[in-house]
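Single-structure report; data block below.
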Amino acid sequence: MKRISLAFLSLFLCVASVWAMPRPEYPRPQFERADWVNLNGEWTYSFDFGGSGMEREFYKSNGFNDKITVPFCPESKLSGVGYTDFINHFWYQRPITIPQEWNGKNILLNFGAVYYRSEVYIDGVLANRHFGGTSSFAVDITSLVKPGQTHSLVVYVESDLRGAKQAGGKQNLQYASYGCNYTRTTGIWQTVWMEAVHPEGLQSVQVLTDIDQQQLVVRPRFYKEQGGKLQVTLKDNGKVVANQTVSASSLSSVVLPVKKMKTWSPESPFLYDLEYKVLDKNGNIVDEVKGYAGMRKVHIEGNKIYLNNKPYYQRLVLDQGFYPDGIWTAPSDEALKRDIELSMEAGFNGARLHQKVFEERFYYWADKMGYLTWGEASSWGMDCNDTETARNFITEWSEIVQRDRNHPSLLIWTPTNEEFWPDRVQYPRLMHDLYNLTKLIDPTRPFHGASGGTHIATDIWTVHNYEQDPAKLKDKLYNGGKLMEAPKWEIHLMPMNIGYNGLKYTDQYAFPEYRKDMPYLVDEFGGIKWNPAQQTESAQNTSWGYGEPPRSLEEFYTRLEGQVDAVLSLSNDIWGYCYTQLTDVEQEQNGIYYYDRTPKFDMKRIHAIFSKTPESK
């Protein structure tokens, strides 16, 4: 009886600890292992305002004086810190205990994202460094730890947001938030976890869904090749559709025929289950990974984007992924799912994930719910004419593409937003590098180089236009049959560029022109300001949006419907839109929902407007 009671107590405490742990769910649902330990929760921390922590040997720490809740950044309320000034140097520490049963396996320390530059130490020894604030990375700590023992994990973080060498997105470059720039995110802001992997285990897979040939192709990559086998099984609700065993080689391709194929789409987001088993040369299973795939195809023909070989009009909303209490980090997995539900309830079929790399759990829900997404980097804040900046960004972008390329919901890659750089050497070079690199890593999706900006290398042409009058908006977009170009701002060459190609300081940048040889989308418009409660607040907190706010709710609905109808009426030339935006973000008050996700409007009327298609107009 006593033994049963103790067992029950142990189970209760285990469940209670899971409940108490922030963001307890497995963070990588397309590549999931059973042997893992979530490291979210209480860590210790120290500010390092003078950048002297290295001299003071903080990396050897066994605990700092103050506590922080990971994975929430120190600027957020949920972290328990709430410090919103600039943080250039920051230190984390926590003990980690390696399970005894992980003996003989490689121990990987995974970080969903750490902004911006990070160094990882185990018991005072440097394990690795990482550059990039939004991409995921893993650190192999096998040689530095012992199963059954406890070690001190220290993470050092550097961020120089104002230095222009790192992508910041919508993080504020001033002390206080203003315009469309908001509270910063520093340090760990996604889940940290450990997992055990056999030395011959599966490192990654690329999943190619070939609906034309009705087959799924898996390209594996292994940590080490020792003459083993890889078994891949495709299932439909538990029923085996296809199974193939190949050599456990990174040169192998697994080809799985998909009979009676079910495609993935917003109307029918069917997902097949995938199981990967690595067998050693003796036939023993040494690694098991679970994943899923959606059979779908996205491509371009003429001026239209096709989904599953049919033209598909995209009705997107701008989603910036900010939260009042977590900033870049959703307070819960349910909150990620709820944002998609809110968007669909408003009539949208997808979102442009704007100036932030969303965590994988968001894509997981988008995959399950049939929600289209555009993957974008947090490009704002970086100097595109600086070569070191370009190197930093290319590295981070390559990690982003590799991480998310298997998600069926992700249709378009968009590395930058509104880049108008007056340089004929470095910026075009960066754009061409990004284009070619992306196509090499992932040839299955269109590439959209600079949303609403200077289009150097792109498969899609986009513009941003916040004209509030519907009739004028239509005129500006169509312009008598000559579709609106990117703004030809009178940007002059900066002094650093004098001498390139014989250019003079007064020479202007030659902006490329749209030749009607690719899809054309309005991927920012609207942004109608509406928050009467904040109209009279102080200058710092005054609500911000585009144009003069409507004088009544009825005027808002009329203006909104007029703008959407104007874009839809040009569907022969304009194949999709993105409305600004899903929710308010701090002082920017132009969302369909308030910042706390409560609705501003009659959602039946909003849904009726955004669910319109060119055929229904």
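Sequence positions in the sequence shown follow numbering that gives the first Met the number 0 and run 0 to 616.
Glycine included, each C-beta is placed from N, C-alpha and C at the ideal position.
Since the model is a prediction, treat every value here as computed from it, not as a measurement.
Any heavy atom of the ligand PLP closer than 7 Å to the Cβ of residue i?
i: M53; result: In the structure shown, the ligand PLP is absent, as is every other ligand, since no ligand is present at all.
Measuring alpha carbon to alpha carbon, tell me which residue in the options is nearest residue i.
i: G62; options: K76, A532, I121 and I527; result: I121
i: G178; options: W543, K603, Q313 and P146; result: W543
i: P146; options: T185, N102 and L201; result: N102
i: K303; options: Y545, N571 and F600; result: N571
i: D382; options: E417, N348, Q580 and Y465; result: E417
i: D211; options: V297, A247 and T244; result: V297
i: T388; options: E344, P549, L160 and G320; result: L160
i: S610; options: S142, G349, P427 and E300; result: G349
i: F136; options: R116, S151, Q148 and H150; result: R116
i: D441; options: V204, T184, E358 and I106; result: V204
i: F89; options: E585, T149, Y465 and T184; result: T184
i: N384; options: E41, L429 and E358; result: L429
i: G526; options: E466, G479 and L520; result: E466
i: T443; options: V206, V462 and D34; result: V206
i: F221; options: I573, N105 and P445; result: N105
i: K223; options: L278, T208 and Y271; result: L278
i: F118; options: K59, Y576 and D522; result: It is Glu, not Phe, that sits at residue 118 in the sequence shown. Ranking the options by Cα distance to E118, first place goes to K59.
For residue i, which of helix, strand or coil comes out of DSSP?
i: Q202; result: strand
i: W101; result: helix
i: D286; result: strand
i: A538; result: Caution applies to A538, whose pLDDT of 39 falls short of 50 and renders its modelled position unreliable; the value that the coordinates give is listed next. Note: A538 maps to coil in three-state DSSP.
i: G111; result: coil
i: M20; result: coil
i: T612; result: coil
i: L49; result: In the sequence as presented, Leu is not what sits at residue 49; that position holds Gly. Reduced to three states, the DSSP call for G49 is coil.
i: T437; result: helix
i: F347; result: coil
i: K619; result: Only positions 0 to 616 of the chain appear in the structure, and residue 619 is not among them; the question remains open.
i: M381; result: coil
i: M294; result: strand
i: L482; result: coil
i: P598; result: strand
i: M0; result: Only weak support is given to the placement of M0: the predicted model assigns it a pLDDT of 46, under 50, and the value that follows is read from those uncertain coordinates. If DSSP states are grouped into helix, strand and coil, M0 belongs with coil.
i: L77; result: coil
i: Y519; result: strand
i: E512; result: coil
i: Y25; result: coil
i: G186; result: strand
i: V14; result: Any reading at V14 needs caution, since the residue's pLDDT is 43, under 50, leaving its predicted position unreliable; the model's value is listed next. Three-state result, V14: helix.
How far does the beta strand (DSSP E) with residue i in it reach, from first residue to last?
i: H88; result: H88 to T96
i: Q243; result: K238 to S246
i: D564; result: Careful: D564 lies outside any beta strand (DSSP E), inside the alpha helix (DSSP H) at L552 to L567.
i: L273; result: Y271 to L278
i: Y155; result: T149 to E157
i: S117; result: R116 to I121
i: L125; result: V124 to F130
i: A137; result: F136 to D139
i: W460; result: W460 to H463
Following the continuous alpha helix (DSSP H) through residue i, name the residue where it begins and the one where it ends.
i: D474; result: P469 to Y477
i: I608; result: M602 to F609
i: T394; result: T386 to D403
i: D583; result: Premise fails: D583 is in no alpha helix (DSSP H) and is neither H nor E.
i: K303; result: Run containing K303: none in the alpha helix (DSSP H); it sits in the beta strand (DSSP E), K303 to L306.
Which residues does DSSP pair with residue i in a beta bridge?
i: R218; result: Q205
i: V254; result: V216
i: Q230; result: T244 and K276
i: C577; result: L315
i: I527; result: Y545
i: W412; result: G374 and F446
i: M193; result: V36 and L108
i: Q170; result: Y181
i: V356; result: Bridge partners of V356: none, in fact.
i: Y592; result: T582 and P598
i: Y44; result: D65 and Y91
i: P268; result: W263
Mind checking if residue i is an interface residue toward chain B, Cβ cutoff 8 Å exclusive?
i: V521; result: Considering every chain present, this structure includes no chain B. It has just one protein chain.
Between the stretch 180-195 and the stretch 99-113, do at least 3 Cβ pairs fall closer than 8 Å?
Taking 8 Å as the limit for Cβ pairs, the verdict is that the stretch 99-113 does touch the stretch 180-195.
Three or more C-beta pairs under 8 Å: does that hold for the stretch 353-366 against the stretch 95-109?
Taking a cut-off of 8 Å on C-beta distances, the stretch 353-366 does not touch the stretch 95-109, as fewer than three cross pairs fall below it.
If we count Cβ pairs, one from each stretch, closer than 8 Å, do we get three or more for the stretch 256-269 versus the stretch 279-286?
No contact exists between the stretch 256-269 and the stretch 279-286.
Cβ pair count under 8 Å reaching 3, the stretch 216-223 against the stretch 235-252:
As far as the Cβ criterion goes, the stretch 216-223 touches the stretch 235-252, which means the pair count is three or higher.
So, do the stretch 325-336 and the stretch 294-313 have three or more beta carbon pairs nearer to each other than 8 Å?
A contact is defined here as three or more CB-CB pairs under 8 Å, and the stretch 325-336 fails this definition with respect to the stretch 294-313.
Using 8 Å as the threshold, is the stretch 156-176 in touch with the stretch 360-368, meaning 3 or more CB pairs across them?
They do not touch, by the three-pair rule.
Can you confirm whether the stretch 289-297 touches the stretch 550-558 when touching is taken to mean that 3 or more C-beta pairs between the two stretches lie within less than 8 Å?
Contact between the stretch 550-558 and the stretch 289-297 is absent, because fewer than three Cβ pairs lie under 8 Å.
Three or more beta-carbon pairs under 8 Å between the stretch 408-415 and the stretch 446-457, yes or no?
Cβ pair count under 8 Å is three or more, so yes.
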